[in-house]
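K.L.:
Using numbering that gives the first Met the number 0, you'd call the opening residue of the sequence shown number 0 and step up by one each time.
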Amino acid sequence: MLHAKELRFGNKVQTQNGEIISVQQILGNTLIYDTQIKVSREMASVNRSYKTSYMTQVVEVVKEAEFQEVHPITLTPKILEKCGFRNFVREEWILRIGGSNIDFTFDSDGLRLMRPAQSWTSIRYLHQLQNFLFAITGSELTPEL
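1) Please give me, in chain order, every unbroken run of the beta strand (DSSP E) with length at least 3 that falls completely inside the segment 17 to 75.
2) Tell me, please, whether the segment 98 to 111 touches the segment 48 to 59 by the rule of three or more beta-carbon pairs shorter than 8 angstroms.
3) Once the 5 residues before and after Thr29 are set aside, which same chain residues still bring their CB inside 6 angstroms of it?
4) Who are the near neighbours of Lys81 in its chain, counting only those whose CB is closer than 7 angstroms to its CB and skipping five residues on each side?
5) Ignore the nearest five residues each way along the sequence and tell me which others in Arg114's own chain have a CB closer than 6 angstroms to its CB.
6) Please classify Lys11 as buried or exposed, where buried requires at least 16 other C-beta atoms within 10 Å of its C-beta.
7) Count the other CB atoms, across all protein chains shown, that sit within 10 Å of the CB of Leu140; report buried if there are 16 or more and exposed otherwise.
8) Mark Tyr32 as exposed unless 16 or more other C-beta atoms lie within 10 angstroms of its C-beta, in which case mark it buried.
9) So Leu1 and Pro76 are in contact, right, with Cβ under 8 angstroms, and what is the actual spacing, rounded?
10) By DSSP, does Asn10 sit in helix, in strand, or in coil?
11) Give the secondary structure of Phe84 by DSSP, where H, G and I count as helix, E and B as strand, and everything else as coil.
12) In terms of residue numbering, what span does the beta strand (DSSP E) encompassing Thr104 cover?
Structural data, given as structure tokens:
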């Protein structure tokens, strides 16, 4: 289960049935991941008038999930590649953002920053990686999963 304080707009997570969703809004106990506006228009008659009148109905459809129904997406080599990472030597992975390369190691403990000094904590989930990269680069990581 995820907590609201771990998430931000645009984070990718998955539902219990495995559907990958993007966070659009965070509420008290739920998050909104999809909104659609449906517009329908019907012809309406006005008391034997020859004028054509229409009735328009606008309905907003909101999909939301409770936090206990949402789970993090575990990082894998395949997901790292979809995020733009390149693997050169064994556990070494490189991500190019702008004109700079960011070096990481990836093993069973997760993803770790290599330079300027190896990090002490691991990034294990996609939403953590998205938040970390936004914090250090100001760039959004938007993988197509």
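Each residue gets a CB set at the ideal place from its N, CA and C atoms; glycine is no exception. Predicted, not measured: the structure shown is a model, and the values here were computed from it.
P.N.:
Reading from the atomic positions:
1) 19 to 21, 29 to 43, 52 to 65
2) no
3) For the purposes of this step, residue 29 is taken as residue 30 along the sequence shown, with counting starting at 1. Answer for Thr29: Glu63, Glu65, listed in chain order.
4) The residue you call residue 81 lines up with position 82 of the sequence shown. For Lys81, where only same-chain residues beyond five positions count, the Cβ hits under 7 angstroms are Pro142, Glu143, Leu144.
5) For the purposes of this step, residue 114 is taken as residue 115 along the sequence shown, with counting starting at 1. Taken in chain order, the residues that qualify are Asp102.
6) Stepping through the sequence shown from its first residue, residue 11 is reached at position 12. So Lys11 ends up on the buried side.
7) The count along the sequence shown starts at 1 and reaches residue 140 at position 141. The residue is buried, with at least 16 neighbouring Cβ atoms inside 10 Å.
8) On the sequence shown, residue 32 is found 33 positions in, with the first residue counted as 1. By the 10 Å Cβ count, Tyr32 comes out buried.
9) Walking along the sequence shown from the start, residue 1 turns up at place 2. Walking along the sequence shown from the start, residue 76 turns up at place 77. The pair is not a contact, with the Cβ atoms about 23 angstroms apart (cut-off 8 angstroms).
10) For the purposes of this step, residue 10 is taken as residue 11 along the sequence shown, with counting starting at 1. Here Asn10 sits in coil by DSSP.
11) To locate residue 84, count along the sequence shown from 1; it is residue 85. Correct three-state label for Phe84: coil.
12) For the purposes of this step, residue 104 is taken as residue 105 along the sequence shown, with counting starting at 1. 99 to 106 is the extent of the beta strand (DSSP E) around Thr104.
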